[in-house]
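**Student:**
And the structure:
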């Protein structure tokens, strides 16, 4: 039964339905894989008892023919999602041992559909990071290594735990969140599939907020089809989140295998960066060729305000974060460091509770919202955001169905290799992904090849608002052409 | 209606004019809070009306309570104000333990209600118009409890997230009387609308008062803001004190420092809380958790169609239909309950065209007078509207005189009962039988020949005879008949 962990979610669903194995067996196989992979530090809390109880429940429903679409499928949950009765910290010291009395809408929909929770996954503190190095629980290891090297690489971030766990076959899929690339970049670094759906597609209720106007939940999975299955359960309107959109959730899986013949694929010239590694360039061309071979039409498009996206993002996101994180003040829950008066209590708590990157962003955000700076920074960044959105709208108005870009400017790097001296070096990881959040569009990262050192690389497809289906159709074409990539086990 | 002149303050260098603007925080009457489903009930154990949203648990999101939006629109309509079909919620960021999110959700650049106006009622039936700058919706914070422990402060989040309307006036108020009349009128309008209960003791209505002084016609002076006033009387006292304080400083050659002050009702003075330099930078920005608030003109029109009659409309109707003076009408409409009482009396009158004005006099003079004397509220009046209407009917139809009516009112007040039956059973009916009255008149003239002789020269002494006859008849003789009989018998 050891190879149960190597199944895709779709294959596992078939096996469970055919009673080839039980959810309990499937769950135990993953629990034991998690135990053996603790060196990766992907899980920050394992919930085996709960997992087995949920698996038994799923088995009994499967036996009764009453199984939900994800019945018995073991998943990992990013620690940003509130889970009732299970510690939820956003991987920040400031939340201490916070145990919510409530369940996030997204996870409650997964449990409604029969999924099993294996535990909580590591992430960058408050989802602020691109390498999963800012977690208070320490960095996550990427299951991938450079050929012939023992250096542990980062899995990307902020959903590093999710990507690492899915790539290392510790869970059949994972929840993740994406504010500037936090699903797509780690998916690209680990040869997994990650989709950030359209803003408003998934409820944000019960997800620890980073930047409210950019945050969006989505899955990281082993295949495009698996991602489609997971998103169908995660998505949907929620009256508790007024930014969630009240339109029906389609059967995303039905988009898999649908012909892409005649679709117009935009290749944005502004994404061709100076000094872009040749292998990224090659990957991009290959991806375009695969789509062309499948009958799609390629067109060069222009997204003229792309170069302003990253600076504008690093104003909007910290501004919102500085306000969203004000609630962590040591007064009601989480960490409290005493002081002589209330101001000292705030200062001591927040100095002790927040890591360096979070403190940096809170300070940037506070600065750009301050009287006298608001117009020059925040207001201007919002204007840039409107222009970026319009770039995409113009492009789609010309009949473009989706846009193809590289997912990241490079493959995974070593822990501690980047951003030590200059945080901007780390921020540049999001160069291809932030525009999508700024415009609120859906974006999928699909593994497409390897670099010269044998590390996975991904391509990104950007779609029209609420047209995730086209991304799944196109993503699967790339997946079929590129094949699946599995890391050699070293842990 | 005539427009009021305002009071100037005398200083050693001449007259000074006060310029006053107010921010009223009015708690919205609603069952649930502005962005959560928790109850808004007053009282209750600390932290018993608190939802996950109200204490800012991680991942919680606000959802607008539509009833609070309707209440704000109704209030805006009551202030004859511009209703903005699109408004935006902003975050006002600051740290305080009673503010769980670390920001208050408020409306900064785009409020739900724009400019409007309020007509205030002043002494002698005079009025003045005060401009409204805006009205916006915002959350109330929680409440710190400092008296539970010697070393710790506790927080009660029951109020956290309760909806407030902040109503900002233009700096159109010119003295303490106008300021008091403004709060009184605003409170009255909202109580008519049912949008705020106006209970100042429970903190449902609080005012921040901005005061500056200037020589009449001079540019505006520097203002000070007196925070969190919860009594109309104190607002008057605080303004008087603050204006005098500022005049004294200016006349001594000093300058007013813009600052926030607090009124101490025990000492009757204002004291500095914080200066402008210590003012917060609130870092307002649009709340990304909430979409802009948008509704249609139809939504507004539907609310407008169902608005109750407001005090100014009611006052105008009372004046037009019943010939009341502007002053009497404004006294009757000032409180919704008083107006309701008067209107119930009107409904029960046999002939309200004839007796409507008399009813107003009775409500204002006899009933309010008596209630005030006993410190009772109109809703606890021992004489109900039906009883008062019956008394007025008896006067109007000539069954009893006004004087007897006062006795009857006293009996009903003390003992209750049906006034008409009381008049019968206690023989209080007015005597209109001329022969019976004539006998009394004859007796009195016969008993006072000297005085009867004098009447021709001194016609004013006729009154003495009227008094004697009325006294002899126990007040039941019809005064007009008595007068007529005496005149003919005495030949005047």
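Protein chains in written order, with UniProt numbering: chain W, 1 to 491; chain B, 1 to 492.
No residue lacks a Cβ here, since even glycine has one placed at the ideal position from N, Cα and C.
Since this is a predicted model, take the numbers as computed values, not measurements.
#1: Using the three-state DSSP reduction, which class does residue 107 of chain B fall into: helix, strand or coil?
#2: Could I get the ranges of all uninterrupted alpha helix (DSSP H) runs contained in the stretch 318-374 of chain W, with 4 residues as the minimum, in chain order?
#3: Could you check whether the Cβ of residue 289 of chain B sits closer than 8 Å to any Cβ belonging to chain W?
#4: Please report the straight-line C-alpha distance between residue 371 of chain W and residue 283 of chain B, rounded to a whole angstrom.
#5: Could you pull out every residue in the same chain whose Cβ sits closer than 6 Å to the Cβ of residue 319 of chain W, ignoring the five residues on either side in sequence?
#6: Which partner residues of residue 450 of chain W appear in the DSSP bridge assignment?
#7: Candidates W:137, W:126, W:131 and W:83: which alpha carbon is nearest residue 118 of chain W's?
#8: Could you spell out where the alpha helix (DSSP H) holding residue 232 of chain B opens and where it closes?
#9: DSSP on residue 176 of chain W, reduced to helix/strand/coil?
#10: Taking C-beta pairs closer than 9 Å, name the residues in chain B that residue 492 of chain W reaches, listed in chain order.
#11: Identify which residue in W:299, W:236, W:439 and W:74 has its Cα closest to the Cα of residue 172 of chain W.
#12: With a 10 Å radius around its C-beta and 16 neighbouring C-beta atoms as the bar for buried, classify residue 531 of chain W as buried or exposed.
#13: Consider the Cβ of residue 197 of chain B: report whether some Cβ of chain W lies at a distance smaller than 8 Å.
#14: Can you pull the chain B neighbours of residue 95 of chain W, defined as C-beta to C-beta under 9 Å?
#15: Distance, Cα to Cα, residue 417 of chain B vs residue 19 of chain B?
#16: Let's see if you can read the secondary structure: which residues bound the alpha helix (DSSP H) around residue 30 of chain W?
#17: Restricting to Cα atoms, I'd like to know which of W:218, W:397 and W:338 is closest to residue 187 of chain W.
#18: Could you say which of B:391, B:61, B:247 and B:175 lies nearest to residue 105 of chain B if we only look at CA atoms?
#19: Which of the residues in the stretch 191-218 of chain W, read from start to end, lie with their CB under 7 Å from any CB of chain B?
#20: Quick one: any contact between the stretch 292-308 of chain W and the stretch 258-273 of chain W, if contact means 3 or more CB pairs under 8 Å?
#21: Tell me the rounded alpha-carbon separation between residue 199 of chain B and residue 156 of chain B.
#22: Roughly how many angstroms separate the alpha carbons of residue 174 of chain B and residue 359 of chain W, rounded to a whole number?
#23: Of all the residues that make up the stretch 91-116 of chain B, which are near chain W by a beta-carbon distance shorter than 7 Å?
#24: Just the Cα atoms here: how many angstroms apart are residue 420 of chain B and residue 411 of chain B?
#25: Do residue 42 of chain B and residue 53 of chain B have their beta-carbon atoms positioned less than 8 Å apart in this structure?
#26: Terminal residues of the continuous beta strand (DSSP E) containing residue 429 of chain W?
#27: Out of curiosity, what's the CA-to-CA distance linking residue 256 of chain B and residue 221 of chain B?
#28: If you count every other CB in all the chains shown that lies within 10 Å of the CB of residue 490 of chain W, and 16 or more means buried, which is it?
#29: In the stretch 319-337 of chain W, which residues sit with their C-beta less than 7 Å from some C-beta in chain B, listed in chain order?
#30: Mind pulling the beta strand (DSSP E) runs of 3 or more residues that sit fully within the UniProt domain "Asn/Gln amidotransferase" (340-490) of chain B?
#31: Can you confirm whether the stretch 415-424 of chain W touches the stretch 275-288 of chain W when touching is taken to mean that 3 or more C-beta pairs between the two stretches lie within less than 8 Å?
#32: Using the rule of at least 16 other Cβ atoms within 10 Å of the residue's Cβ for burial, across every protein chain shown, is residue 463 of chain W buried or exposed?
#33: Which runs of the alpha helix (DSSP H) at least 4 residues long sit entirely within the stretch 254-328 of chain B? Give them in chain order.
#34: Determine, for residue 346 of chain W, whether the minimum Cβ-Cβ distance to residues of chain B falls below 8 Å.
#35: For the beta strand (DSSP E) that contains residue 186 of chain W, what are its first and last residues?
#36: Are the stretch 452-463 of chain W and the stretch 137-152 of chain W touching, with three or more C-beta to C-beta distances below 8 Å?
**Tutor:** So, from the listed chains and residues:
#1: For residue 107 of chain B, the three-state secondary structure derived from DSSP is coil.
#2: List check, alpha helix (DSSP H) in window: 342-353 and 356-368.
#3: Among the residues facing chain W, residue 289 of chain B is included, as its CB has a counterpart in that chain under 8 Å away.
#4: Going from the Cα of residue 371 of chain W to the Cα of residue 283 of chain B covers about 7 Å.
#5: Hits under 6 Å: 365, 368, 369 and 378.
#6: Residue 450 of chain W pairs with W:456.
#7: Sorting W:137, W:126, W:131 and W:83 by C-alpha distance to the C-alpha of residue 118 of chain W places W:83 at the top.
#8: Annotation for residue 232 of chain B: the continuous alpha helix (DSSP H) segment containing it runs 232-251.
#9: Here DSSP, grouped into helix, strand and coil, assigns residue 176 of chain W to strand.
#10: Only positions 1 to 491 of chain W appear in the structure, and residue 492 of chain W is not among them; the question remains open.
#11: When only C-alpha atoms are compared, the closest one is W:74.
#12: Residue 531 of chain W lies beyond the range of chain W shown here (1 to 491); nothing can be said about it.
#13: So, not an interface residue.
#14: Chain B residues near residue 95 of chain W: 58.
#15: If you take the alpha carbons of residue 417 of chain B and residue 19 of chain B, they lie about 53 Å apart.
#16: Looking at the DSSP string, the run of the alpha helix (DSSP H) that includes residue 30 of chain W is 23-36.
#17: Comparing Cα-Cα distances from residue 187 of chain W to each of W:218, W:397 and W:338, the minimum goes to W:218.
#18: For residue 105 of chain B, the nearest C-alpha among the options comes from B:61.
#19: Correct list: 204, 205, 206, 207, 208, 209, 212 and 213.
#20: Segments in contact, yes.
#21: Those two C-alpha atoms are separated by around 20 Å.
#22: Roughly 49 Å separates the two Cα atoms.
#23: Within the stretch 91-116 of chain B, the qualifying residues are 91, 93, 95, 97, 100, 101, 102 and 103.
#24: Those two C-alpha atoms are separated by around 12 Å.
#25: Contact flag unset, no.
#26: Per DSSP, residue 429 of chain W belongs to no beta strand (DSSP E) and is neither H nor E.
#27: As the crow flies, the alpha-carbon of residue 256 of chain B is around 8 Å from that of residue 221 of chain B.
#28: Under a 10 Å Cβ-count criterion, residue 490 of chain W is classified as exposed, with fewer than 16 other Cβ atoms of the shown protein chains found around its own Cβ.
#29: So the close ones are 319, 320, 323, 326, 327, 329, 331 and 332.
#30: As far as the UniProt domain "Asn/Gln amidotransferase" (340-490) of chain B is concerned, it has no whole beta strand (DSSP E) run of at least 3 residues.
#31: By the C-beta criterion, the stretch 275-288 of chain W is judged not to be in contact with the stretch 415-424 of chain W, since fewer than 3 inter-stretch pairs fall below 8 Å.
#32: Buried.
#33: Entirely contained in the stretch 254-328 of chain B, the alpha helix (DSSP H) runs reaching 4 residues are, in chain order, 297-305 and 311-322.
#34: Residue 346 of chain W counts as touching chain B.
#35: First-last for residue 186 of chain W: 184-190, but that is the alpha helix (DSSP H), not the beta strand (DSSP E).
#36: A contact is defined here as three or more CB-CB pairs under 8 Å, and the stretch 452-463 of chain W meets this definition with respect to the stretch 137-152 of chain W.
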